[in-house]
Amino acid sequence: MTISEHTTRLAGKVAIITGGASGIGRASAELFARDGARVVIADRAAEQGESVAADLRAAGYQALFVPTDVARAADAERAVKTAMDTFGPPDILFSNAGVLRIGSFWEMSEADFDALVAVNFKGAFLMARAVLLPMIQRGRGSIIFTASNLAFQGLARFSAYCGTKGALVAMARSLALEAGPHGIRVNCICPGPILTPMQDVPLAEYADPKTVLREAAQNVPVRRLGQPADVAQLALYLASDESTFVTGAAFVIDGGASAQ
Ligand SMILES: NC(=O)c1ccc[n+]([C@@H]2O[C@H](COP(=O)([O-])OP(=O)(O)OC[C@H]3O[C@@H](n4cnc5c(N)ncnc54)[C@H](O)[C@@H]3O)[C@@H](O)[C@H]2O)c1
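Going by the working numbering, the first residue of the sequence shown is number -15, and it counts up by one from there.
Structure representation (structure tokens):
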């Protein structure tokens, strides 16, 4: 575990984190657990997800892994039901699972396009839909989607991925309007380049990935790429009661890259 600070900003809360087996989701699962949440990791990577949950339990936290393909409605509903049966109704959904497929627009396969939409956009819809009724019944909840700074900026060869992230930001705004009167907040996190296994996809196109990463860091105003823990801290704020006046918003977290 990489996060050492320990507070209790999520004490007593139940948090479902999709994509919690790796990268941003994993760092968030660790941070949320340390801050007092009972954490449900919903991911399709069974071995990794179980290992993250087991490590958290070994460290004395309450954590559970539920094998979940967020693109399947039955899985999304089962993840929420298992969370409720084990820990109680969800206070927080961090809908963060995502995939990346890149390539020239005219060569992208229908299968790659469908995978992007199914996981990045439909998966977020299915998970949010599954938590909304229990949240409405209790009159509270925080839903956080991981979009991307690419919801706002174009990037050649990433068109379909960018489209799914823009769609998430648009969906979150409208859901925030609908859910607000029920005490439920909906926000998006829009990271720039974060050092996670997802970066292996674009880096695989280069002979010397280390040089590419070094140069990429030089193009960021704070002169480094992001770490998963950077994003987890923003997710923690949006999940906690410190942000009760924050909804319908999209937060860019990119070291200033898109401010240029
Ligand atoms: N890394 C970045 O630079 C970056 C930048 C902007 C946005 N994001 C977004 O952040 C989110 C987290 O990505 P990451 O960088 O931590 O990558 P990652 O590859 O480390 O983690 C993604 C996780 O999602 C899981 N997942 C994929 N498809 C799934 C499915 N159908 N059902 C359930 N789980 C599934 C994977 O198993 C994995 O554990 C993604 O939505 C990604 O698009 C990442």
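Every residue, glycine too, gets a C-beta built ideally from N, C-alpha and C.
Apart from the five residues on each side of it in sequence, which residues of its chain come closer than 6 Å, Cβ to Cβ, to Ile168? Met119, Gly125
If we call anything under 8 Å between Cβ atoms a contact, is Ile0 one with Val24? yes
Between which two residues does the alpha helix (DSSP H) carrying Asp98 extend? 94 to 100
Please identify the residue among Met155, His166, Met111 whose C-alpha is closest to the C-alpha of Asn232. The sequence given here places Gly at residue 232; Asn does not occur at that position. Looking at the Cα atoms, Met155 is the closest of the given residues.
Looking at Thr52 and ligand 1, is the gap between the Cβ and the nearest heavy atom below 7 Å? yes
In this structure, how does DSSP classify Phe129 when only helix, strand and coil are distinguished? strand
Quick one, which of Ala102, Phe97, Arg62, Ala140 has its alpha-carbon nearest Ser88's? Ala140
Any heavy atom of ligand 1 inside 7 Å of the beta-carbon of Pro186? no
Enumerate, from N- to C-terminal direction, the unbroken alpha helix (DSSP H) stretches of 4 or more residues contained entirely within the region 157 to 227. 184 to 187, 193 to 202, 212 to 223
Quick one: does the C-beta of Ser6 sit closer than 7 Å to a heavy atom of ligand 1? yes
Taking contact to mean 3 or more Cβ pairs, one atom from each stretch, closer than 8 Å, check whether the region 35 to 42 and the region 77 to 86 are in contact. no
Please report the straight-line C-alpha distance between Ala17 and Phe109, rounded to a whole angstrom. 25 Å
Reducing DSSP to helix, strand and coil, say where Arg(-7) ends up. coil
Report whether the distance from the Cβ of Asp27 to the nearest heavy atom of ligand 1 is below 7 Å. yes
Just the Cα atoms here: how many angstroms apart are Arg(-7) and Ser224? 6 Å
Euclidean distance between Cα positions of Leu159 and Leu100: 21 Å
Quick one: Cα of Glu14 to Cα of Leu40, how far? 7 Å
Under the rule that 16 or more other beta-carbon atoms within 10 Å means buried, what is Gly123, buried or exposed? exposed
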